[in-house]
Amino acid sequence: MTISALIRRRPLTLHQREQVDFYIAILPWLLGLILFTGGPVLASLIFSVTNWTGMNLAEVKWVGLENFRALLFDDGLFWIATVNTFYYSFGAVTLGTMGALFVAILLNQNLPGTTLLRVIYYLPSITSGVAISILWIWLFNPQV
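Right, dumping it as structure tokens:
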């Protein structure tokens, strides 16, 4: 009998088993993250420094940072689009937050007609659920 046959492995402790179970449980998510997020990010970084039309891999030409230089200094539409994006983002966030806060404060007051305003405010969310329920009843009704 050899020495390695006589050496027994100690069983895993509870903490070690929990660690193994954790890594087994997180492995599919981690593989999905790497495959579906890391892969496209890496591909876009590689494509951003090439001059590729997207049709033939044999036509890939390395251009380095030329694409970024052309975008920042030669393309006037880029800066217009950037400014418009900031205007829209600032306006949408500010006005959306102020509007939502105004409606929340208004619906939280004990004023006459507040109940009617609450009904009008929540009616679209209730109506869509009712409409979908009626639609499914019609779809599953064998007599129609």
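Offset between the sequence shown (1-based) and this note's numbering: plus 170.
Idealized CB from N, CA, C, for every residue including glycine.
What you are looking at is a predicted structure, and each value in this text was computed from that prediction instead of being measured.
For tryptophan 232, which of helix, strand or coil comes out of DSSP?
DSSP, reduced to helix, strand and coil, places tryptophan 232 within a strand of the structure shown.
Mapping the DSSP letters down to three states, classify threonine 183 as helix, strand or coil.
coil
Looking at the strands, I want to know which residues DSSP matches up with threonine 220.
Trp232
Along the chain, where does the alpha helix (DSSP H) containing glycine 246 start, and where does it finish?
Following the DSSP letters along the chain, one finds glycine 246 inside the alpha helix (DSSP H) bounded by residues 246-277.
Taking contact to mean 3 or more Cβ pairs, one atom from each stretch, closer than 8 angstroms, check whether the stretch 287-294 and the stretch 261-277 are in contact.
yes
Using a beta-carbon distance below 9 angstroms, is tryptophan 222 in contact with chain D?
Structure shown: chain D not included; a single protein chain is present.
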